[in-house]
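**Student:** Using UniProt numbering, the letters of the sequence shown map in sequence onto residues 1 to 805.
After the structure tokens below, expect a handful of questions from me.
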Amino acid sequence: MVHLYQRRRNREQAVKQFIDLCNNLGANCSTTTATSPSASSSSASSTQNLIAVVPPQLQQLQVQLPAPGGGAGAGGGGGGGGGGGGGATPVRRHISHTTAVKFLYARKFDIPRAVSLYEQHEQIRLKEYLYNIDPDVEPLRSELQTGKFTILPARTSSGAAIALFTANRHSPLSVSHTTTLQGIVYQLDSALQDSETQRAGLVFIYDMSGSKYSNFDYDLSQKILTLLKGGYPARLKKVLIVTAPLWFKAPFKILRLFVREKLRERVFTVSVPQLALHVPRKALPIHLGGTLEVDHATWLLSCRQSMTNREDELLANIVGVGGGSGSGSAAGSAIVSTNGTETEAATTAATIISAVHQLGDNNTTVVTVSNGVGPAGSTAGGVTAAATAATATEPNENITINGLSPSHRQAANNSSSSSAVTAANPLKLNTSGTADNNSTITNATTAAGAAGAAAGTTTTTNGGGEFWSENPPSSASSGFSDDDSLAGQEGDPKPIDQIVQMVKQRGRHGLIKEYADIRNRAPEGTFLHARMRANLTKNRYTDVLCYDHSRVVLANEDGDEPSDYINANFVDGYKQKNAYISTQGPLPKTSQDFWRMIWEQHCLVIVMTTRVMERGRVKCGQYWEPTEESSLEFGDYHVRTISVECNEDYMVASLELRNIKTDEVRNVSHWQFTSWPDYGVPSSAMAMLNFLQKVREKQAQLVQGLGDTWAGHPRGPPIVVHCSAGIGRTGTFITLDICISRLEDVGTADIRGTVEKIRSQRAYSIQMPDQYVFCHLALIEYAYSRGMLQTVDLAGFDEREPDSE
């Protein structure tokens with residue numbers, strides 16, 4: 001009880017700090033006010049200076065204000081006015097308690113991250129003109145009635161709301177991007193008024209069943225992805241792309257380049273039958289294999305009611321700063337001068353705030369509000385707004401609520417103070433690669449993405465139990481992998497003939513010396529999770545630990561953070577991010593985690609380059625049965641061996657992996673290389689090269705078998721590679737695969753650069769100098785076997801001494 005009280009107290013303190021911070025940031029936009037007529041000339045001069053820093057295309061922005069009777073607003077004014085005109089009041093926002101709680105929930109009550117979320121939300125929403133939505137005006141009215149986007153009247157087992165976008169109902173030629181986005185946001189705003197949705201989040205289903213290429217709009221896809229991943233407060237738990245057609249793979253491949261790695265963990269491509277594994281059938285429409293009756297018309301009525309209720313909230317958080325009437329304004333203040341009623345002033349204030357933020361992410365903005373044709377700067381009959389607006393740090397409460405149309409705002413002057421902002425986990429958008437919060441919105445929103453194929457993501461490295469509880473991450477299944485990997489493309493790539501010449505010139509001793517230079521470098525990361533007390537016994541060797549930055553994060557179990565740890569790292573391949581998972585041989589106590597990783601990452605192939613026992617020592621746990629029609633069980637996973645094929649240098653086992661909780665079954669191919677000698681390296685690389693080729697062929701076959709359910713990289717999900725420690729033979733296998741792939745593609749290779757890249761993702765990979773030498777000789781042997789080299793002369797390779805320095 002005491003703990004609960006303290007938790008509530010801490011949260012209330014966080015709310016207060018959040019409100020104070022946001023209000024202070026807003027106040028910074030109204031730093032000075034003129035108090036005498038003598039200030040007017042200074043104000044006019046300052047206003048001209050302000051105009052100079054506004055982008056030219058926005059300097060003449062005109063905003064029409066509604067008069068009490070529905071007519072146009074007051075005339076436009078220029079430089080700010082002295083003490084004589086009406087009650088001039090600087091305008092800024094007051095963040096409500098409700099708003100603060102929702103944004104703090106979205107960031108686990110981390111105040112700086114919650115403020116950052118609020119800032120980014122405002123920037124994106126204004127960029128896409130999602131602040132002035134009127135469902136009664138065409139073409140939005142017709143757009144809503146199509147039912148292409150709706151919120152289903154049911155929830156997932158964890159309580160998440162379900163949004164459905166039906167792609168075959170979208171016609172890009174007949175509706176604008178703005179209208180489509182407004183239709184989506186209008187409904188999401190309503191859905192997110194529910195406190196349960198705020199806590200449990202949202203599942204986004206992008207149904208491509210029966211859709212044609214003519215239904216797909218690439219540019220709209222970019223905007224929807226930008227909105228969902230970084231510009232809208234929706235706590236997106238996952239995105240489910242249903243029955244993606246073959247033609248979708250090409251644009252999907254391009255769009256995935258703009259999505260950061262963590263975002264991939266919540267995107268799934270599924271068939272209609274597989275959809276029930278993510279959402280209960282009772283919560284799915286009949287055409288998606290469920291039993292739910294969808295009444296879109298009733299839902300739109302509830303949206304209207306929600307919007308009506310929220311009209312009273314719209315102006316509640318806009319308050320005067322500096323209070324007295326008759327005060328003028330210097331540059332840097334937002335001025336609203338009217339001769340009308342409080343209703344007129346409130347309406348004017350709301351519209352000016354929206355107009356100011358239209359100018360985007362500029363440090364200073366000027367907005368001229370006018371109902372006439374007079375030039376900006378004229379003062380006849382006018383209303384002037386001149387503001388110093390650091391929009392990167394000043395989100396607009398008005399916009400967050402939904403930015404109702406001017407006709408709806410007039411009834412808001414007597415409203416109570418509340419908010420309709422909802423919490424979310426959008427990803428902060430920054431395509432420049434630098435943490436520049438003051439970059440323009442235009443730059444910040446150039447990232448692209450697939451329609452509906454985006455999801456919110458936590459910003460913690462290990463994921464939180466609250467965020468991972470519903471479904472395990474699957475960066476492999478999403479297909480949002482970067483198409484280019486640095487592995488094999490850095491350093492000094494050479495044609496194969498020059499590699500032969502270099503190897504002969506340096507000799508074995510020279511390559512060993514080169515390897516020593518690589519090995520002597522300090523690790524390029526930390527091992528904090530591997531060294532946690534709860535995780536120490538999960539490491540097979542105390543001196544072979546797992547980098548934090550590239551580790552495979554398992555889905556948390558019951559919010560227990562250490563349960564997300566396994567000694568495994570993602571390693572990039574040639575033109576494929578996260579092409580491999582480099583891991584240790586499972587221990588008896590970690591075999592369940594091993595199979596959990598296989599399941600969550602949708603892996604199809606396991607490569608094992610050791611035997612269970614070598615030289616009388618256990619090198620790896622028996623995590624599968626080596627005999628046919630036998631099985632083992634590890635926690636929630638049942639592993640059955642269907643068939644075993646024995647070859648001279650390797651064994652292949654076809655395994656059936658069943659998730660006991662969901663009863664879903666997948667096929668996994670297990671490849672064990674058995675010809676690696678107990679000491680050193682093989683005398684010939686042909687056995688390993690043949691094995692590697694067979695593994696690649698099997699991976700390609702299994703990926704092809706996935707059909708439309710796989711929209712990721714053409715080479716498929718990560719290949720799991722392990723030996724005993726997961727660094728020596730494992731690193732050798734991966735190095736050869738990368739270098740051979742590059743050699744086949746562009747005719748060059750860079751073994752050193754490849755090893756250095758692998759070691760930056762899996763510490764200490766290529767454990768011994770003879771493994772480094774073996775990679776060079778194996779690549780030459782491969783090239784010779786493929787006719788890339790006519791002759792190879794390495795005479796004196798073993799005898800050559802290293803060059804003197």
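Idealized CB from N, CA, C, for every residue including glycine.
(1) What three-state label does DSSP hand residue 718 in the structure shown?
(2) Is it right to say residue 586 is buried, meaning 16 or more other beta carbons lie within 10 angstroms of its own, or is it exposed?
(3) Within this structure, are the beta carbons of residue 637 and residue 617 separated by less than 9 Å?
(4) Once you ignore the five residues that flank residue 15 on each side, which residues in its own chain have a CB closer than 8 Å to its CB?
(5) From the DSSP output, read off the bridge partner residues of residue 781.
(6) Measuring straight from C-alpha to C-alpha, what distance separates residue 737 and residue 20?
(7) Does the segment 732-750 come close enough to the segment 764-779 to have 3 or more Cβ pairs within less than 8 Å?
(8) Give the single residue among 669, 739 and 771 whose Cα lies nearest to the Cα of residue 491.
(9) Just to confirm, are residue 271 and residue 708 a CB contact at a threshold of 9 Å?
(10) If contacts are defined as beta-carbon pairs under 8 Å, then residue 827 and residue 789 qualify, I think. What distance do you get, rounded to the angstrom?
(11) What's the call for residue 493, buried or exposed, on a 16-neighbour Cβ count within 10 Å?
(12) Please identify the residue among 576, 294, 575 and 584 whose C-alpha is closest to the C-alpha of residue 569.
(13) Should residue 183 be labelled buried (16 or more other beta-carbon atoms within 10 Å of its own) or exposed?
(14) Helix, strand or coil for residue 122 per DSSP?
(15) Could you please give the first and the last residue of the uninterrupted alpha helix (DSSP H) stretch that includes residue 514?
(16) Rounded to the nearest angstrom, what separates residue 758 and residue 718 at their Cα positions?
(17) Output yes or no for whether 9 Å exceeds the beta carbon distance between residue 670 and residue 612.
(18) For my contact list, residue 548 and residue 525 are in at a C-beta cut-off of 8 Å; report their separation, rounded to the angstrom.
(19) Measuring CA to CA, which of 683, 706 and 763 is closest to residue 521?
(20) Less than 9 Å between the beta carbons of residue 722 and residue 590, yes or no?
(21) Measuring from the CB of residue 790, is there a heavy atom of the ligand MN at a distance below 8 Å?
(22) At what residues does the alpha helix (DSSP H) containing residue 597 begin and finish?
(23) Of all the beta strand (DSSP E) runs that stay within the bounds of the UniProt domain "CRAL-TRIO" (137-296), which reach a length of 3 or more residues?
(24) First and last residue of the alpha helix (DSSP H) that includes residue 533?
(25) Starting from the C-beta of residue 190, find all residues in its chain whose C-beta is less than 6 Å away, skip the five residues before and the five after it, and write them out in chain order.
(26) Please list, in chain order, all residues of the same chain as residue 170 whose beta carbon is under 6 Å from its beta carbon, the five residues on each side excluded.
(27) Going by Cα to Cα distance, which pick from 711, 280 and 130 is closest to residue 662?
(28) Drop a sphere of 10 angstroms on the beta-carbon of residue 233, count the other beta-carbons inside from all chains shown, and report buried for 16 or more, exposed for fewer.
(29) Taking just the CA atoms, how far does residue 157 sit from residue 597?
(30) Identify every residue that forms a DSSP beta bridge with residue 667.
(31) Suppose you measure from the CA of residue 13 to the CA of residue 578; what does that come to, to the nearest Å?
(32) When the Cα of residue 812 is compared with those of 620, 644 and 755, which residue comes out closest?
(33) Tell me, to the nearest whole angstrom, how far the beta carbon of residue 228 is from that of residue 236; I am working on the premise that it is less than 8 Å.
(34) Three-state secondary structure (DSSP) at residue 704?
(35) Note down the Cα distance separating residue 772 from residue 755, rounded to an integer number of angstroms.
(36) Just the C-alpha distance for residue 128 and residue 155, rounded to the nearest angstrom, thanks.
**Tutor:** So, from the data block:
(1) Taking the first residue of the sequence shown as 1, we reach residue 718 at position 718. Coil.
(2) Taking the sequence shown and counting its residues from 1, the one referred to as residue 586 is at position 586. Per the 10 Å Cβ criterion, buried.
(3) Within the sequence shown, the letter at position 637 stands for residue 637. Within the sequence shown, the letter at position 617 stands for residue 617. Taking 9 Å as the Cβ cut-off, residue 637 and residue 617 do not qualify as a contacting pair.
(4) As a position in the sequence shown, residue 15 is number 15, starting the count at 1. 97, 100, 101 and 104, listed in sequence order.
(5) One-based indexing of the sequence shown puts residue 781 at position 781. Looking at the DSSP assignment, residue 781 forms no beta bridge with any residue, so it has no partner.
(6) For the purposes of this step, residue 737 is identified with residue 737 of the sequence shown, where counting begins at 1. For the purposes of this step, residue 20 is identified with residue 20 of the sequence shown, where counting begins at 1. Rounded to the nearest angstrom, the two C-alpha atoms are 56 Å apart.
(7) yes
(8) On the sequence shown, residue 491 is found 491 positions in, with the first residue counted as 1. Comparing Cα-Cα distances from residue 491 to each of 669, 739 and 771, the minimum goes to 739.
(9) In the sequence shown, counting from the first residue as 1, residue 271 sits at position 271. In the sequence shown, counting from the first residue as 1, residue 708 sits at position 708. Taking 9 Å as the Cβ cut-off, residue 271 and residue 708 qualify as a contacting pair.
(10) What the structure shows of the chain is the stretch from 1 to 805, and residue 827 is not part of that stretch, so it cannot be assessed.
(11) By 1-based counting over the sequence shown, the position of residue 493 is 493. Classification of residue 493: buried, given that the 10 Å Cβ count is 16 or more.
(12) Against the sequence shown, residue 569 aligns to sequence position 569. Residue 569 has its Cα closest to that of 584, out of 576, 294, 575 and 584.
(13) Along the sequence shown, read from residue 1 onward, the residue named residue 183 stands at position 183. With 16 or more Cβ atoms within 10 Å of its Cβ, residue 183 is classed as buried.
(14) As a working mapping, residue 122 is identified with position 122 in the sequence shown. In this structure, residue 122 counts as helix in the three-state DSSP scheme.
(15) Along the sequence shown, read from residue 1 onward, the residue named residue 514 stands at position 514. Per DSSP, residue 514 belongs to the alpha helix (DSSP H) from 496-519.
(16) For the purposes of this step, residue 758 is taken as the residue at position 758 of the sequence shown. For the purposes of this step, residue 718 is taken as the residue at position 718 of the sequence shown. Whole-angstrom Cα-Cα distance: 15 Å.
(17) Here the question's residue 670 lines up with position 670 in the sequence shown. Here the question's residue 612 lines up with position 612 in the sequence shown. No.
(18) For this step, residue 548 is matched to residue 548 along the sequence shown. For this step, residue 525 is matched to residue 525 along the sequence shown. Confirmed, about 6 Å.
(19) The residue you call residue 521 lines up with position 521 of the sequence shown. When only C-alpha atoms are compared, the closest one is 763.
(20) Locating residue 722 in the sequence shown gives position 722, counting from the first residue. Locating residue 590 in the sequence shown gives position 590, counting from the first residue. No, these two residues do not count as a Cβ contact at 9 Å.
(21) In the structure shown, the ligand MN is absent, as is every other ligand, since no ligand is present at all.
(22) Along the sequence shown, read from residue 1 onward, the residue named residue 597 stands at position 597. Residue 597 -> alpha helix (DSSP H) spans 591-600.
(23) 149-155, 161-166, 202-207, 236-242 and 267-270
(24) Residue mapping note: residue 533 aligns to position 533 of the sequence shown, counting from 1. Looking at the DSSP string, residue 533 is not in any alpha helix (DSSP H), and its letter there is neither H nor E.
(25) As a first step, residue 190 must be located in the sequence shown, where it is residue number 190. 303 and 306, listed in sequence order.
(26) Locating residue 170 in the sequence shown gives position 170, counting from the first residue. 148 and 215.
(27) Numbered from 1 along the sequence shown, position 662 holds the residue referred to as residue 662. Nearest C-alpha to residue 662: 280.
(28) For the purposes of this step, residue 233 is taken as the residue at position 233 of the sequence shown. Buried, because 16 or more other Cβ atoms sit within 10 Å of the Cβ of residue 233.
(29) Residue mapping note: residue 597 aligns to position 597 of the sequence shown, counting from 1. Residue mapping note: residue 157 aligns to position 157 of the sequence shown, counting from 1. C-alpha separation (whole angstroms): 23 Å.
(30) Within the sequence shown, numbered from 1, the residue matching residue 667 stands at position 667. According to DSSP, which records beta bridges pairwise, residue 667 is partnered with 656.
(31) Locating residue 13 in the sequence shown gives position 13, where the first residue counts as 1. Locating residue 578 in the sequence shown gives position 578, where the first residue counts as 1. When rounded, the distance between both Cα atoms is 41 Å.
(32) Outside the modelled stretch of the chain, which goes from 1 to 805, sits residue 812, for which no answer is possible.
(33) Counted from its first residue, the sequence shown places residue 228 at position 228. Counted from its first residue, the sequence shown places residue 236 at position 236. Between residue 236 and residue 228 the Cβ distance is about 6 Å, and since that is below 8 Å, they are a contact.
(34) Here residue 704 refers to the residue found at position 704 when the sequence shown is read from its first residue. Residue 704: helix per DSSP, three-state reduction.
(35) Translated into the one-based positions of the sequence shown, residue 772 becomes position 772. Translated into the one-based positions of the sequence shown, residue 755 becomes position 755. Taking the straight line from one Cα to the other gives about 8 Å.
(36) Residue mapping note: residue 128 aligns to position 128 of the sequence shown, counting from 1. Residue mapping note: residue 155 aligns to position 155 of the sequence shown, counting from 1. Cα to Cα, the separation comes out at about 29 Å.
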